[in-house]
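Reviewing the structure listed below.
Protein chains: 2
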Amino acid sequence: MLKISEFSKLTQVPTKTLRYYDEIGLLKPARIDPWTGYRFYTVEQLPRLNRILALKALGLSLDQIKAMLDEHLTAEQIRGMLRLKRAETLQRLEEDQTRLSFVEAKLRQIEMEGTMSEYEVILKAVEPIEVAGVRDFAPDQAHISETFGRMYGMVMAEVTRQHAAFAGPSIALYHDEGFPETHIDIETTQPIRGTFHEANGVKGYTLPAANLACTIHRGSFQNLGSAYEAIMKWIESGGYHIVGPSREVYLQFDPNADPNTWVTEIQFPVEKG
Amino acid sequence: MLKISEFSKLTQVPTKTLRYYDEIGLLKPARIDPWTGYRFYTVEQLPRLNRILALKALGLSLDQIKAMLDEHLTAEQIRGMLRLKRAETLQRLEEDQTRLSFVEAKLRQIEMEGTMSEYEVILKAVEPIEVAGVRDFAPDQAHISETFGRMYGMVMAEVTRQHAAFAGPSIALYHDEGFPETHIDIETTQPIRGTFHEANGVKGYTLPAANLACTIHRGSFQNLGSAYEAIMKWIESGGYHIVGPSREVYLQFDPNADPNTWVTEIQFPVEKG
DNA sequence: GGTACACCTTCCTGTTACAGGAAAGTCAAG
DNA sequence: CTTGACTTTCCTGTAACAGGAAGGTGTACC
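The listed protein sequences derive, respectively, from chains A and B. Counting in my numbering, the first sequence runs from -5 upward without gaps. Counting in my numbering, the second sequence runs from -5 upward without gaps.
Rendered as structure tokens:
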């Protein structure tokens, strides 16, 4: 018969933990003095405690351990729990690996620039988006904004004509990889709710679901470049690659207002590996 | 001005989380209607939220993020936090790797044997232990127990003669690697408290601190073999290796009692890699 | 026999980053 | 005016304990 502190010294398990295991019924003392309430353990309880510690080292929860020890599960059930745990561990492993490369990238960046970056890139999964839109070529970089305006006007006219309800800020897509000088393949869309019929060159369709690497840019479009750079760096340092056209979401855009009030989100569909 | 659910849809962050961030002062709404209490956000707050999410993705706590954003730390402090996080992540990564190999080993074992094993092996770190002991050779396997008895008698006699206080169950050490047939290098020790002077062939010294792979065996010493096997398998599957003599701790041993009551812990000092 | 000190008990709080849900007030559409 | 979608605050629960308070116990020592 060992007092709790003796058992604790023997097993390296703190008394707090032993009392907790008693409380949740995972490891009851061999005897409890009914008068003083003192807990007494025996060396015969060591194998059980060892089993508990071993299963805990595998990452199982105390609830699971209790089930494994007390409700003598079938081998199949135990296999199931272990397979699940294996999958979880594997996933956490991969997450931690990307986390590690991001931390290291951020460290390098701070070493270089001496400060936190202006743009923070995050990954988000978006659902498919129903839109009305047009896709066309801008003749060259100098006429992008003009072409855009024309395309956007077409979309707006048709959306209002069909009384379609807006379902969020408008989104532009850039289908080229890189930044070609001429024949720039761009697309202007407006998310809508409800049905939409193709008319006057404006089509109704759905932007696919995607995992997007995103960042937010504030101010005029002239300085979008560094936002794009930040995303590129992020994609590279996380081991991702681009799997579709980039998007620009015009969260706040009024051509008549001060460009400093404009807010744009830049998004690149990416995949791991 | 966006209501909380609109901001939530825009950012993919649940309203619960936004309210929580408000509560802890991490992201206050741009305006709170003083009459209704409704929270209102603006797109200008997106960059801050993005920064929060990006830092969270690096594994930083909300407290740390708050400090980074609000108490504009020096670049040096930020570097420190990131370096710490890098170290933590790296460690978790390694832990998860060994955890994964253990889970896989256990899975294989269950596939083979169809049940949980009798012996569970755990790793524990032990402090140095002051002992009185003798080391000698047993002529062959058949005379181990006899030699042991003689050595143990010597130790006990000298410990009681010097009035040294016992400090735990006695420990045997096996210095050979493998199991030689003759000239077996064994050591018998008794942990004690206080000073001890070498006399009659019994020395006082200290067993070194170590990381030990341990398991508990119940019953007579004849069946110790499978306990040793279990530890060996564990050591191999975890990528450890043996770095010193194995120990047997006689937690409960009375030669006159039923051997089924005996409890022995087997320990191998190990290191990673 | 008293006392100091180590040890034991129960009970309460705090940890992290929210999730679930109840009760009650608010807003816009039909 | 009603309905339904939203909003608020507040309470509880999560996992596995750690820290500490208040009060009872055991024993060694003077």
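Here a beta-carbon is modelled for each residue, glycine too, at the ideal position from N, C-alpha and C.
Fully enclosed beta strand (DSSP E) runs of no fewer than 3 residues occupy 33 to 35 of the stretch 2 to 48 of chain B, in order along the chain.
For Tyr199/A, the enclosing beta strand (DSSP E) has its first and last residue at 197 to 201. For Asp64/A, the secondary structure class from DSSP, reduced to helix, strand or coil, is helix. Taking a cut-off of 8 Å on C-beta distances, the stretch 34 to 52 of chain B touches the stretch 4 to 23 of chain B, as three or more cross pairs fall below it. Scanning its chain for C-beta atoms nearer than 8 Å, with the 5 sequence neighbours on each side dropped, one finds around Asn217/A the residues His211, in chain order. Spanning the alpha carbons of Gln184/A and Tyr222/A requires a straight line of approximately 22 Å. Glu152/A sits away from Ala132/A, with the two beta carbons spaced by 9 Å or more. Between the stretch 164 to 176 of chain B and the stretch 239 to 255 of chain B there are three or more C-beta pairs closer than 8 Å, enough to call the two in contact. Taking the Cβ atoms as the reference, Phe96/B lies roughly 6 Å from Gly232/B, within the contact range of under 8 Å.
For Arg144/A, the closest Cβ of chain B is not nearer than 9 Å.
Across the set Leu49/B, Gly213/B, Pro202/B, the C-alpha of Leu49/B shows the shortest separation from the C-alpha of Leu94/A.
In this structure, DSSP gives Thr183/A an extended state, which the three-state scheme calls strand.
With a threshold of 16 other beta carbon atoms within 10 Å, Tyr32/A falls short and is exposed. Look at Ser240/A here: in three-state DSSP terms it is strand.
Under the Cβ criterion of 9 Å, Phe160/B is not counted among the residues facing chain A. With 16 or more other CB atoms across the displayed protein chains lying within 10 angstroms of its CB, Phe262/A is buried.
DSSP places His235/A within a strand segment (E or B) once states are collapsed to three. Here the alpha carbons of Gln103/B and Glu114/B stand approximately 12 Å from one another. For Val97/B, the enclosing alpha helix (DSSP H) starts and ends at 69 to 107. Beta-bridge annotation (DSSP): His211/B is paired with Thr258/B. Listed in chain order, the non-local C-beta contacts of Glu192/A below 7 Å within the same chain comprise Gly198, local neighbours out to five positions each way being set aside. For Asp248/A, no chain B residue has a C-beta closer than 9 Å to its own C-beta; the minimum C-beta separation is roughly 12 Å.
Taking CB atoms only, Lys(-3)/B has no neighbour in chain A less than 9 Å away.
Here DSSP, grouped into helix, strand and coil, assigns Gly219/B to helix. With a threshold of 9 Å between beta carbons, Gln58/A makes no contact with chain B.
Taking all protein chains shown into account, Lys100/B has 16 or more neighbouring C-beta atoms within 10 Å of its C-beta and is therefore buried. Restricted to the stretch 103 to 161 of chain B, the beta strand (DSSP E) segments that are unbroken, complete and at least 3 residues in length are 116 to 120, 123 to 134, listed in chain order. Taking 9 Å as the cut-off, the Cβ atoms of Ala119/A and Ala204/A count as close.
Our two residues, Thr11/B and Arg45/B, have alpha carbons roughly 15 Å apart in a direct line. Between the C-alpha atoms of Asp252/B and Ser214/B there is a straight-line separation of about 9 Å.
As DSSP reads the structure, Glu265/B sits in a beta bridge with His235/B. In this structure, Ser220/B is the residue among Gly267/B, Asn250/B, Ser220/B with its C-alpha nearest to the C-alpha of Ser111/B.
Its Cα nearest to that of Pro249/B, the residue Tyr146/B stands out among Tyr146/B, Tyr14/B, Ser55/B, Asp57/B. The alpha-carbon separation between Lys227/B and Thr83/A amounts to approximately 21 Å.
Residues of chain B whose Cβ lies closer than 7 Å to the Cβ of Lys100/A are, in chain order, Leu52, Leu76. Under a 10 Å Cβ-count criterion, Ser164/A is classified as buried, with 16 or more other Cβ atoms of the shown protein chains found around its own Cβ.
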